[in-house]
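Be aware that the sequence shown starts at 2, since it is given in the numbering used here, and climbs by one per residue.
Where is the CB? At the ideal position from N, CA and C, for every residue including glycine.
Everything numeric in this text was worked out from a predicted model, so none of it was measured.
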Amino acid sequence: MKTIRKEISKSDFQNIPIAIAGISLGFMSISTALVEFNIFWVRHLAVIFSSISILILLMKTFLHPKQVWEELKNPLAGSIYPTISMTIMLIAVYIVKLNLQFAKVLWIGATILHLVIFIMFTVHMLRNFKITNMLPSWFISTVGIGLAAVTSKPMEMPYLSRAIFYYSLILFIVLGIIMTYRLIFMEKLEGNKKFTLMIMTAPANICLAGYLAVYENPNIVLLQILALLGYASIIYSFILLPRLINTKFTLALAPLTFPLGIGVTAAQRYIKYLNSIGLGMEEILRYILYIQVIVSVAVIGYIVIKTVDLFVKEFILIENNLERID
């Protein structure tokens, strides 16, 4: 029989998995995209869910710093920590209409935090570097900062935003080549690591959405290259999904969320741009967008609901169900 907790202890925070930040990031990304369809209530729920998740992880960091430090040394768990800063970037955009100055401070703080986590994780990985330790989740700490460019428009910092975009684009190219080589010619990803394959579909769409955010008149050649890579990534994500989600629910499914959400955002912005210059492909791509939205809402919604269920069992009922993903 399950009973309601009377109090929460320090030890309850020790093994909180970083995966909840990744799920929060995915929830925030798709809820932000749904605003384009005049669906606002999902975003409010996403902000509540994400804020609670981030606060819980901050409590873990404060109460168990050694645990967090050790997790940062892990090639999988450590690479997911920057999803905290990326989630905060999206929360900052939500706050813009409430308090622009606070939103800017939060956005800049999240960008700095991302760089700090990236440096700590990179130092750990370089100390005992093995190419087989490289996982697609490493794109989070590298190209992931490009989300600052994606969310930059209301922050009114064009030069910083463009610098961040080019930084993420360069890292996408360099790491993309190395990661592709590692995945093709080195050992296959097994266990929870296989779910990180989905993250391979995110970098191109981060760069596409970011490019359209920082430039009103983008270079057409670069834009079309990014769009081609973005849609190829979307197709690849649809191929991967049936194989990856065909399993009992686990928090290791977190990597399936954000790539779907950012894919929708990138497609929305690209379609808007095509419409603004009068190209006819806009109508065809809009049908593809509808499919993206349906799939993304279904997958992310399922993962969020199951995660909330685990939260309730862990913090309200006396039953420990949370798991590590490393």
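One alpha carbon belongs to C208, the other to V97, and they sit about 23 Å apart.
In the three-state scheme derived from DSSP, where H, G and I count as helix and E and B as strand, T62 is classed as helix.
Annotation: N75 to I179 spans about 20 Å, alpha carbon to alpha carbon. In the structure shown, the three-state DSSP call for V300 is helix.
The count of Cβ pairs closer than 8 Å, one atom from the region 132 to 145 and one from the region 171 to 187, reaches three, so the stretches are in contact. In chain order, K11 and F14 place their CB closer than 7 Å to the CB of L64, counting only its own chain and leaving out the 5 sequence neighbours on each side. In terms of Cα proximity to S297, the closest of L286, T308 and V265 is V265. Of all alpha-carbon atoms in P159, M135 and K61, the one lying nearest the alpha-carbon of K105 is that of P159. Three or more beta-carbon pairs separated by less than 8 Å are not found between the region 43 to 51 and the region 70 to 87, which leaves the two stretches without contact. Taking all protein chains in view, the Cβ of F38 is surrounded by fewer than 16 other Cβ atoms within 10 Å, so the residue is classified as exposed. Close CB contacts of L114 within its chain, under the 6 Å cut and outside five residues either way in sequence, are with S86 (chain order). Relative to P137, the option among I120, I185 and N100 whose CA is nearest is I185. The continuous alpha helix (DSSP H) containing T181 extends over residues P159 to F186. Nearest C-alpha to P243 among A253, V300, Y216 and A34: V300. In the three-state scheme derived from DSSP, where H, G and I count as helix and E and B as strand, L213 is classed as helix. Within its own chain, the residues whose Cβ lies closer than 7 Å to the Cβ of V294, once the five positions on either side in sequence are excluded, are V265, listed in chain order.
Here A255 has A20, G23 and I24 as same chain residues with Cβ atoms under 6 Å from its own Cβ, once five neighbours each way along the sequence are excluded. For N247, there is no enclosing alpha helix (DSSP H), since its DSSP letter is neither H nor E.
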